[in-house]
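Number of protein chains: 2
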Amino acid sequence: MADSWVNSAERIGADLHLEMAGAGPRRAALIRALREAVRSGRLAPGTRLPPYRSLAADLGVARNTVADTYAELVAEGWLTARQGSGTRVAERAEPLGAHARVPTKAPPRARGPRHDLRQGTPDASSFPRAAWLASYRRALQQAPNEAFGPGDPAGRIELRRALTEYLARARGVRTEPERIVICSGFAHALRLLFAGTGGVLRGPLAVESYGLGFHRELLATAAVRTVPLPLDEDGALVGELGRERAVLLTPAHQFPTGGPLHPSRRAAAVDWARARGGVILEDDYDGEFRYDRKPVGAVQGLDPERVIHIGSVSKSLSPALRLGWMVVPERYVDGVLAAKGEREAWASVPDQLTLADFIVSGSYDRHVRRMRQRYRVRRDRLVAALATHAPHVEVTGIAAGLHAVLRLPPGTEQSVVKAAVWQEVALDGLAEFRHPAATMSAPDGLVVGYATPAEHAYGAALDALCGVLPPG
Amino acid sequence: MADSWVNSAERIGADLHLEMAGAGPRRAALIRALREAVRSGRLAPGTRLPPYRSLAADLGVARNTVADTYAELVAEGWLTARQGSGTRVAERAEPLGAHARVPTKAPPRARGPRHDLRQGTPDASSFPRAAWLASYRRALQQAPNEAFGPGDPAGRIELRRALTEYLARARGVRTEPERIVICSGFAHALRLLFAGTGGVLRGPLAVESYGLGFHRELLATAAVRTVPLPLDEDGALVGELGRERAVLLTPAHQFPTGGPLHPSRRAAAVDWARARGGVILEDDYDGEFRYDRKPVGAVQGLDPERVIHIGSVSKSLSPALRLGWMVVPERYVDGVLAAKGEREAWASVPDQLTLADFIVSGSYDRHVRRMRQRYRVRRDRLVAALATHAPHVEVTGIAAGLHAVLRLPPGTEQSVVKAAVWQEVALDGLAEFRHPAATMSAPDGLVVGYATPAEHAYGAALDALCGVLPPG
C-alpha cells in the first residue's frame, strides 16, 4: 500500500507541479491536474489517493484545497470515497480513445474541387459582407428586448412584413404577414409540411421527373410517395395529374432542365388543385434571377389558397444563412406552426431581423441586381465559349437561374462526367437528377452551375469544361 | 362589347393613372396596375381587355409597352390570350380574401404577462448586444469565402474547436471537434437522435418523472415511448433502469425539482449503460449557473462512449440564437449527420462563427460570470422575500439554475396557480411538468423562473408572487 502510494504520489506530484505552475487558483489547477491524470490513465482505476494532509504538504497548498478537490471529483464521479477505504480512482472513468477515435468521414467539401461548376450555390465570394453587417448592426441595436426571449414559431413579424411587401413587388405573391412562416430553407419547409402524423400534407406527391435528389430522399424518409410527371419544353405535363394530393413544381425555372412553366400549364395546375382539392408546392428557388426579360411572377398569385409558395435566400444571398419562408394558405398556418414546435424558432432571430432590415433598406434589391448582372455576364461567357469550342453542344435553360443544361450526344453523358472527374471539374450529369420511376425519355446532358466559382476562377473553369466535352 | 370595354377602360384608366404617377418605368407601373385591378376584382374574370393601340393611346405609352405587359400577365396567368378572342382576364385569378383571412391565432407571448416568472428563459434585456456585435463583426470579416457556400452538416469547425476547449474546461466534457454536432437547441437534438427510421436511437426512453412537457410531446410525435423514473432528493432512481434503450437525465440540476444527481447515481447510470448497451442523454441545460460552489462536471466525462451530452446557449445567452451542440459517441456521429441532412446546416453559419469568437475571446465567460452574479442576487432576493412574507413556504432547488421550486401545502397548488393567473403572475405549477404515467408522489409546488423578468421588473414580480402564496 505504502509503495503504491509513493509511486502515485510521485506521478501525481509531477503532473500537479506542471499544471499548478499555470495561472489561476490553486484549487482549480489541482482539479484539472487530477482529472487529467485519471483521464490519461496515469492514475489507474482503483488507485488509492493520498490523505489530504500528505498531498497538501507535498504541494504546498492548504489542506482544505485538497479536501475540496477530492469532494468535487467524487461529485463528478472521477473518484470514489468510502468510509474506511479512503479516496480512490473510480472504476468507470474510461479514457477517451479506448474506442476508435479516428474521424470516419471527412466533412463534405472540406477541400473544394479545382473547378467547381456544381449547380445550386451562388458565388460564395460575393456575399455582401459590409452591407449585411450594417443591417446586422442596425437590427441588433434596434431590436426590442423581447426579441431575445422565446420566439414566435412563425418568425419575426418584422421579417414577415418585409417579405409580404417584397414578394408582392418582386414575385407577384399575394399574401399577408400572418400567412408567412419563416423556416431555414426549402428542405425544412418540406419537412414541416409532411411532418409525420402532425403534418398538414400527405402523399402521394407528384414531382417533376427531373429534380433534386435530396428532396426525393427527404420525402422518402418522411414516407411520402412521389410520382414523377413527364416534362416537355413547356414544363411539367400537369395534365397528367390525377389523384395525387399535391404537386411540387419549379414554375419560374424548371430545375434543372431550365424553362418556365407555360402559362397554360400554370392555369391547368391551378384548375387541377381546385377540382381535386389538391395543393401546389411552388419551389421558387431562383425566381429573382431572370436575364432576358422580367421575372415570371409566382403561380401563387393565381390562387393563394391552393399554392404553397416557398423561397429562401440560399441562391440570392447564401445558403449559409439558413433563412427561408413559406407562404401558406390560411388553413395550413396552424398546422405548419404546430409541426414547427412552439419552442423552436429554428432561424436565428438576429438574422431574421437583419434580413428584414436588408430588404427594407434596399440592400437586398441592390445585391440581387448586382448579382444578376454578374451572372448574366458569366452565362454569356459560357455561351460564347461553347460556341467557339463546342458548337455542336446545345445550351438550354439559360434565360434564368444560376445554371445551364448542356445537351450531349446520346450515350455520351457518363463518359463526359467521368472525364470531368479526371480533369477535376465538378459538375453533374442530368441522370443525377432523374426520378428513378420516371418514364419520359432520358436525354444526355450536363448541369453546369456557372454561379459557383469565384469571379477570378471562372475563366479557368470554363476552359476546363470545354476540355471535357465530346468532340463534334 | 363596346360598352363593357368603355366601362373597363374607365376603371382601368383611373387605376393606371394613379399607379403610373409613381416613379419607375411605365411598363412596370402598368403591370402593377393591371395586376391590382384583377386582384381586387375590379376587373372581373372574363373581361376582355382593350387592343394594344387603344390602351396605349389612352395612357400615352408606347404600343409595345402594352403588348409586353399583356404578354407578361398572360405568362403569369392573370390574363389569357386566344386567337380571335383577344386578351381577357383569366377565370382563375381568385382574389385574396375570398377565404377567411382573419388570423386564427395570436402569436404566442406577443404581449407578455405583467409579471413573468415562467422558467426557461434568461433575462432577455441582458443579452450582451455590444459584445455579440463585436464578435459578429470579427467573424464576418475573418470568415473565409467558403463559409458562405454549402455548409458542413456537423457545423463550423471553428465553433466545434472552441466548444471542445470550453466544454472540457467548464463542464468536464471529454471530446474532440469530430464528435460535436451543432444543432439549434435541445429539441432539435432530440429530433435528430430519434429521427424516424434513420435515427440513431430508438425508444423506449426512460425519463425523469418531472421534466419539460414539450420534450415529451416531441418524443411522442416521433413515436418514442417514454418511461418515467421516480425522483428522490438524490435525483432520478437510475437503479430502476431496465430494458430501456436510453435514459434522459438532467444531472447538473434536475429539471425542474432542482438537485444535482448524486455521485452514486451518476456511477450507477454509467454502469447500467455499459451493462445493457444503453445510452445516457445528458441535458446540460443550465450547467453554467451554479451559485454556491463550482459547477458539477458533466456525466459525459465519465464515459464519452455512453453519454450524449447536449447543451445550448438558450439559457446562457438567448433562446433567440437557436444554437446548441451535441457531443456524441464516435459510433453515432455519422447517423446523426445523416439525420441532419447534407444540405441543411440548420444553424446560421455567421452565428456559429460569432459564437466561436465569443467563446475564444473570453466574452462568453465574462457574460456567464456577470449573469451568474446577477441571478444569484435575484435568487437571494427571492429567498429573503419568502422568508419575510411566506416563511412557511419551503424553497428548494436553489443551488443552481434559473428557477426555484416553492413547496406548497398539499392540495393548494391548483388554487395558487389560479390566483397567480388572476394577479397576472405567469408561472407554472409542478403538476405541469409531471409525466402522465409517473407513479411517485405528487408534491404541490410552484416553479418560479427568477431569471425571466428584466432587472427593473423583478421587485414588483416578487411582491406579486408573495401576494398569491397561501397564508401560513
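Chains as they are written, first to last, in my numbering: chain A, 138 to 609; chain B, 138 to 609.
Even glycine gets a Cβ: it sits at the ideal position worked out from N, Cα and C.
Quantities reported herein were computed from a predicted structural model and do not represent experimental measurements.
In this structure, does DSSP put A:A594 in helix, strand or coil? helix
Supposed contact pair A:L523 and A:L254 - C-beta distance, whole angstroms, cut 8 Å: No, A:L254 and A:L523 are not in contact; Cβ-Cβ is about 13 Å, not under 8 Å.
What does B:G438 touch in chain A if you count any residue whose Cβ is under 7 Å from its own? E213
Near B:G538, what residues of its chain come up, given a Cβ to Cβ distance below 6 Å and the 5 sequence neighbours on each side ignored? H390, D423, F426
Taking a Cβ distance cut-off of 8 Å, strictly less, list which residues of the stretch 459-489 of chain B are near chain A, in chain order. R459, L460, P466, E467, R468, V470, D471, L474, G478, E479, R480, E481, A482, W483, A484, S485, V486, P487, D488
Chain B within 8 Å of A:S346, Cβ atoms only: no
Backbone secondary structure at A:Y347 - three-state DSSP: strand
Same chain, Cβ closer than 7 Å to B:T589, five either side skipped, listed in chain order: D253, L254, R255, T258, D260
If we cut at 8 Å on Cβ distances, does B:P245 have a partner in chain A? For B:P245, the predicted structure reports a pLDDT of 44, less than 50, and the residue's modelled location is therefore unreliable. The matter cannot be settled from this model.
Secondary structure at B:L378, three-state DSSP: helix, strand or coil? coil
Alpha-carbon spacing of A:S455 relative to B:N282, whole angstroms: 11 Å
Where does the unbroken beta strand (DSSP E) through A:R544 begin, and where does it stop? 540-544
By a C-beta neighbour count over all protein chains shown, 10 Å radius and 16 as the cutoff for buried, is A:V558 buried or exposed? exposed
Thinking just about the alpha-carbon of each residue, which of B:R509, B:A527, B:G582 is nearest to the one in B:V542? B:G582
Can you confirm whether the stretch 508-519 of chain B touches the stretch 297-307 of chain B when touching is taken to mean that 3 or more C-beta pairs between the two stretches lie within less than 8 Å? no
What are the residues of the stretch 403-430 of chain B that lie near chain A, defined by any Cβ-Cβ distance shorter than 9 Å? R403, A404, V407, D408, R411, R430
Nonlocal neighbours in the same chain, by C-beta distance under 6 Å from B:A218, ignoring five residues either side: V211, T224
Using a C-beta cutoff of 8 Å, does B:T363 count as contacting chain A? no
Terminal residues of the alpha helix (DSSP H) in which B:I168 lies: 163-176
Answer yes or no: does any C-beta atom of chain B fall closer than 8 Å to that of A:V553? no
What whole-angstrom Cβ distance do A:T358 and A:V344 have, given they're in contact under 8 Å? Rounded, the Cβ-Cβ distance is 15 Å, inconsistent with contact.
Where A:W269 falls: helix, strand or coil (DSSP): helix
Nearest to A:G197 by alpha carbon, out of A:E173, A:L171, A:R163, A:R185? A:R163
Give the range of the beta strand (DSSP E) segment to which B:R225 is assigned. 223-226
B:P290 and B:K452: beta carbons closer than 8 Å? no
Cβ shell of A:Y207 (< 8 Å), same chain only, five flanking positions each side left out: L186, Y189, L216, A218, T224
DSSP has B:I417 in a bridge; who is on the other side? B:V384, B:V444
Proximity below 8 Å, CB of B:P393 to CB of B:A574: no
8 Å Cβ cutoff, B:T258 in contact with chain A: yes
Nearest to A:G286 (by Cα), restricted to the options B:A276, B:S263, B:R275: B:S263
Closer than 8 Å by C-beta to A:A96: which residues in its own chain qualify, once you throw out the five before and the five after it? Chain order, please. Since the first residue shown for chain A is 138 and the last is 609, residue 96 of chain A is missing from the structure and cannot be characterised.
Pull up the CB-CB distance for A:G288 and A:V486, whole angstroms please, since I reckon it's below 8 Å. 6 Å
Of all the options B:D429, B:A412, B:T202, which has the alpha carbon lying nearest to the alpha carbon of B:G534? B:D429
Counting only beta-carbon atoms, is A:L641 nearer than 8 Å to chain B? Missing from the structure shown is residue 641 of chain A; chain A here goes from 138 to 609 and no further.
For B:R518, which three-state DSSP category applies? helix
Starting from A:E531, trace the beta strand (DSSP E) in both directions and tell me its first and last residue. 531-533
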